[in-house]
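Here the protein sequences come in this chain order: A and B. The opening position of the first sequence corresponds to residue 40 in our numbering, with each subsequent residue numbered one higher. The opening position of the second sequence corresponds to residue 40 in our numbering, with each subsequent residue numbered one higher.
Number of protein chains: 2
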Amino acid sequence: MRAAVYQGPGEIAVEEVPKPDIESPEDAVIRVTHTAVCGSDLWFYRGDSDREAGSRVGHEPMGIVEEVGDDVTSVAPGDRVIAPFAISCGECEFCRQGLYTSCVEDESWGSEANGGGQGEYVKCPFADGTLVRVPDRYADDEDVLESLLPLTDVMGTGHHAAVSAGVGEGDTAVVVGDGAVGLCGVLAAQRLGAERIIAMGHHEDRLELAAEFGATDTISARGDDAIERARDLTHGGANHVMECVGAASAMDSAIAIARPGGTVGYVGVPYGVEDGGLDVFTMFSDNITIRGGVAPVRAYAEELMADVLQGTLDPSPIFTKTVDLDGVPEGYAAMDDREAIKVLVKA
Amino acid sequence: MRAAVYQGPGEIAVEEVPKPDIESPEDAVIRVTHTAVCGSDLWFYRGDSDREAGSRVGHEPMGIVEEVGDDVTSVAPGDRVIAPFAISCGECEFCRQGLYTSCVEDESWGSEANGGGQGEYVKCPFADGTLVRVPDRYADDEDVLESLLPLTDVMGTGHHAAVSAGVGEGDTAVVVGDGAVGLCGVLAAQRLGAERIIAMGHHEDRLELAAEFGATDTISARGDDAIERARDLTHGGANHVMECVGAASAMDSAIAIARPGGTVGYVGVPYGVEDGGLDVFTMFSDNITIRGGVAPVRAYAEELMADVLQGTLDPSPIFTKTVDLDGVPEGYAAMDDREAIKVLVKA
Numbered sequence: 040m041r042a043a044v045y046q047g048p049g050e051i052a053v054e055e056v057p058k059p060d061i062e063s064p065e066d067a068v069i070r071v072t073h074t075a076v077c078g079s080d081l082w083f084y085r086g087d088s089d090r091e092a093g094s095r096v097g098h099e100p101m102g103i104v105e106e107v108g109d110d111v112t113s114v115a116p117g118d119r120v121i122a123p124f125a126i127s128c129g130e131c132e133f134c135r136q137g138l139y140t141s142c143v144e145d146e147s148w149g150s151e152a153n154g155g156g157q158g159e160y161v162k163c164p165f166a167d168g169t170l171v172r173v174p175d176r177y178a179d180d181e182d183v184l185e186s187l188l189p190l191t192d193v194m195g196t197g198h199h200a201a202v203s204a205g206v207g208e209g210d211t212a213v214v215v216g217d218g219a220v221g222l223c224g225v226l227a228a229q230r231l232g233a234e235r236i237i238a239m240g241h242h243e244d245r246l247e248l249a250a251e252f253g254a255t256d257t258i259s260a261r262g263d264d265a266i267e268r269a270r271d272l273t274h275g276g277a278n279h280v281m282e283c284v285g286a287a288s289a290m291d292s293a294i295a296i297a298r299p300g301g302t303v304g305y306v307g308v309p310y311g312v313e314d315g316g317l318d319v320f321t322m323f324s325d326n327i328t329i330r331g332g333v334a335p336v337r338a339y340a341e342e343l344m345a346d347v348l349q350g351t352l353d354p355s356p357i358f359t360k361t362v363d364l365d366g367v368p369e370g371y372a373a374m375d376d377r378e379a380i381k382v383l384v385k386a
Numbered sequence: 040m041r042a043a044v045y046q047g048p049g050e051i052a053v054e055e056v057p058k059p060d061i062e063s064p065e066d067a068v069i070r071v072t073h074t075a076v077c078g079s080d081l082w083f084y085r086g087d088s089d090r091e092a093g094s095r096v097g098h099e100p101m102g103i104v105e106e107v108g109d110d111v112t113s114v115a116p117g118d119r120v121i122a123p124f125a126i127s128c129g130e131c132e133f134c135r136q137g138l139y140t141s142c143v144e145d146e147s148w149g150s151e152a153n154g155g156g157q158g159e160y161v162k163c164p165f166a167d168g169t170l171v172r173v174p175d176r177y178a179d180d181e182d183v184l185e186s187l188l189p190l191t192d193v194m195g196t197g198h199h200a201a202v203s204a205g206v207g208e209g210d211t212a213v214v215v216g217d218g219a220v221g222l223c224g225v226l227a228a229q230r231l232g233a234e235r236i237i238a239m240g241h242h243e244d245r246l247e248l249a250a251e252f253g254a255t256d257t258i259s260a261r262g263d264d265a266i267e268r269a270r271d272l273t274h275g276g277a278n279h280v281m282e283c284v285g286a287a288s289a290m291d292s293a294i295a296i297a298r299p300g301g302t303v304g305y306v307g308v309p310y311g312v313e314d315g316g317l318d319v320f321t322m323f324s325d326n327i328t329i330r331g332g333v334a335p336v337r338a339y340a341e342e343l344m345a346d347v348l349q350g351t352l353d354p355s356p357i358f359t360k361t362v363d364l365d366g367v368p369e370g371y372a373a374m375d376d377r378e379a380i381k382v383l384v385k386a
């Protein structure tokens, strides 16, 4: 089969690799029909994080189940499934409480045995604990499928930011970051009933999409200027701040924007935090809670899918560029150049 | 009147200073009968934090109301009162929601006008919003008074750690730190129903007191060894960790001891966090919540006082040394040398 392979910073190639096989009775092999390039893929692509050359990439697959192991009961060949970015056994202490990202099995899509999420096929270990079946009546509806694909990662992650920040009916929420996760965070805040949603970023086109997604205010600024404007709009800070970037500067902006007693829900994979650390003094003096982390999107899949299927949630506009499998390298480049918010791959 | 005055690192003097006067109709002047030296006083005493030479010190006064301004309605001359370490107006947005430490008035005991908490008299601006009256029948019961005094700071702070960490009935809690706050944290966790309380520190005498206060296990170790033992005792980490020190190393220990999905309740005034920062990567990957900050002890005073008065809560054993006002410099030295856990001052 063909799959995207990481060659080194700035280099992704689509190559012929072995097709993954059922190895355990809990496995499923999926023929990938849709997948995506993630903002977090850019860190190794840019050389900001280490990754072994020759490793498989991608972690947001959707497709048709091709084959299942003997113990798999929740999906069958022919089923349309989406696969959260984290593989989860479904049976350990953490999976049982919905914290699928802390699954003790510690499997990932990118291993050679699993084949990566950006290829023709992918193997899912722990199929029953991981995969989410799409009801048959929607299984070939292309519009629905493109709206469901973000549930594998960014939509669940934006939702985790909102839930972690405690966003509820009538609240004011500030969303720090206008990438795909921040935009999904706006959708999530609106879905949870926030009355005022202030989206912060510095890309006009993305902030326009934030407004379409339900942001009542947008702030296009950086650093102290952005903080000041958010604090002005909220008369001194918001009780619910969603950090959707991960950079130390974004975390500190989020803390600075939080009202005393407020909560920062954070979901951006941390980077740059080793040097500066968080502004613990402000956290301390203002009793600001920091809650969140890597999003257990599996826990949110059914709830969000129900809304997509009934037509009240549609994150698909974050896909501003579509490529085929051969176009994956071009997709990485487009996201790296910020030409695309998020790239959809139709395999 | 006479009061303790900070002279510079290592130097506290008891000097003649002007007695504070009623200046606003919301003021009260209190004749201090009991006060204390706080672990946080040691930071300027040790030169670890800046403080102006000549400034008044102390922030945990208890005493008898001497005089009140015309608008004061909740206390009257002759009343026995305790005064939380943070002054609060009782009327602003934050006071009304119980976050008294974020009071917009930003007053402190240590100002020259207020006179400091370690002197013969102290002025309380916003008496109605700050002072807590002790019922008359207990107003001269020395045992009760010594048990109530910690409610001005360390007992409320330990309670805030427990509340912030989400400690409840049947829980396992780890308390990081065996100082006065950590010990009060053990009392608080027990009071909130924790079934297992693991106290961590490195002073045998303090850990013995922790056991008397309800700790079911004690760990006398530092660094990685302490973390490993706590993780062993909890089979991989506790859902509720109370950070009662403030040092960056203690925060990182607390994060390392938290179970995935768990919460660190932190109340130690941060120090050393500028350099290293928190271990945000572990927080992120394990979805660990960081909640807490400077404790709004005023919010907890009535609830904790009720338990002291009915005899089910007694933090007074943390006072292992008693001095009079002239003995305040000796009290600082004893705490600095770790000869005393906490020093009671009978003025």
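Glycine included, each C-beta is placed from N, C-alpha and C at the ideal position. These figures come from a predicted structure and were not determined experimentally.
Item to check | CA nearest to the CA of residue 306/B, picked from 238/B, 296/B, 282/B and 298/B | outcome: Nearest C-alpha to residue 306/B: 282/B.
Checklist entry - If residue 73/B sits next to residue 385/B, beta carbons under 8 Å apart, how far is it from one beta carbon to the other, in whole angstroms? => result 6 Å
Next on the checklist: Could you give the first and the last residue of the continuous alpha helix (DSSP H) run that contains residue 220/B?
Outcome noted: First-last of the alpha helix (DSSP H) with residue 220/B: 219-230.
Checklist entry - Hey, does residue 101/B have any beta-carbon neighbour from chain A nearer than 8 Å? => result Interface criterion not met: the Cβ of residue 101/B is under 8 Å from no Cβ in chain A.
Checklist entry - Taking Cβ-Cβ distances below 9 Å as the criterion, which residues of the region 324-340 of chain A are in contact with chain B? => result Cβ contacts with chain B come from 324, 325, 326, 327, 328, 329, 330, 331, 332, 333, 334 and 335.
Checklist entry - residue 171/B to residue 201/A, Cα distance in whole Å? => result 38 Å
Checklist entry - Quick one, are the C-beta atoms of residue 188/B and residue 374/B less than 8 Å apart? => result no
Next on the checklist: Looking at the strands, I want to know which residues DSSP matches up with residue 257/A.
Outcome noted: 238/A
Checklist entry - In chain order, what residues of the same chain lie with their CB nearer than 6 Å to the CB of residue 254/A, ignoring the 5 residues before and after it? => result 225, 236 and 238
Next on the checklist: Which same chain residues end up closer than 6 Å to residue 195/B when comparing Cβ atoms and leaving out the 5 residues on each side of it in sequence?
Outcome noted: 334, 336 and 339
Checklist entry - Which residues in chain A sit within 7 Å of residue 299/B, going by Cβ to Cβ distance? => result 133, 138 and 141
Next on the checklist: Ignoring anything shorter than 4 residues, give me the alpha helix (DSSP H) runs that lie fully in the region 46-112 of chain B, in order along the chain.
Outcome noted: 80-84
Checklist entry - Is the beta carbon of residue 42/A less than 8 Å from the beta carbon of residue 95/A? => result In this structure, residue 95/A lies closer than 8 Å to residue 42/A by Cβ.
Next on the checklist: If contact is defined by three or more beta carbon pairs under 8 Å, each pair taking one atom from either stretch, is the region 121-134 of chain B in contact with the region 160-171 of chain B?
Outcome noted: yes
Checklist entry - Using DSSP with H/G/I as helix, E/B as strand and the rest coil, what is residue 40/B? => result Of the three classes helix, strand and coil, the one that applies to residue 40/B here is coil, per DSSP.
Checklist entry - For chain B, is any of its Cβ atoms less than 8 Å away from the one on residue 194/A? => result By this cut-off, residue 194/A is not an interface position.
Item to check | DSSP-derived helix/strand/coil call for residue 164/A | outcome: coil
Checklist entry - What in chain A is Cβ-close to residue 309/B, meaning under 9 Å? => result Those within 9 Å of residue 309/B in chain A are 319, 320, 322 and 323.
Item to check | Coarse secondary structure for residue 196/B, derived from DSSP in three states | outcome: Helix.
Next on the checklist: With DSSP as the reference, identify every bridge partner of residue 363/A, one or two as the case may be.
Outcome noted: 385/A
Item to check | Near-chain A residues of the region 155-171 of chain B - C-beta to any C-beta below 8 Å | outcome: none
Item to check | Cβ-Cβ distance between residue 280/A and residue 220/A below 8 Å | outcome: no
Next on the checklist: Need the endpoints of the beta strand (DSSP E) that residue 277/A sits in, please.
Outcome noted: 277-282
Checklist entry - Are the beta-carbon atoms belonging to residue 296/A and residue 276/A less than 8 Å from one another? => result yes
Next on the checklist: With a threshold of 6 Å on Cβ separation, who are the neighbours of residue 241/A within its own chain once the five nearest residues in sequence on each side are excluded?
Outcome noted: 259 and 261
Next on the checklist: Quick check on residue 274/A: buried or exposed, where buried means 16 or more other Cβ atoms within 10 Å of its Cβ?
Outcome noted: exposed
Next on the checklist: Give me the DSSP bridge partner(s) of residue 305/B.
Outcome noted: Note: residue 305/B sits in a beta bridge opposite 282/B and 331/B.
Next on the checklist: Within 10 Å of its beta-carbon, does residue 143/A have 16 or more other beta-carbons around it, so buried, or fewer, so exposed?
Outcome noted: exposed
Checklist entry - DSSP three-state call for residue 124/B: helix, strand or coil? => result coil
Checklist entry - Do residue 356/B and residue 184/B have their C-beta atoms closer together than 8 Å? => result Contact flag unset, no.
Item to check | Neighbourhood of residue 294/B by C-beta distance below 7 Å, restricted to the same chain and skipping five residues each side | outcome: 303, 317, 318, 321, 322 and 327
Item to check | Run of the alpha helix (DSSP H) containing residue 319/B, from where it starts to where it stops | outcome: 319-324
Checklist entry - What does DSSP give as the partner residues of residue 297/B in its beta bridges? => result 277/B
Checklist entry - Whose CA, out of 287/B, 243/B, 213/B and 233/B, lies closest to the CA of residue 270/B? => result 213/B
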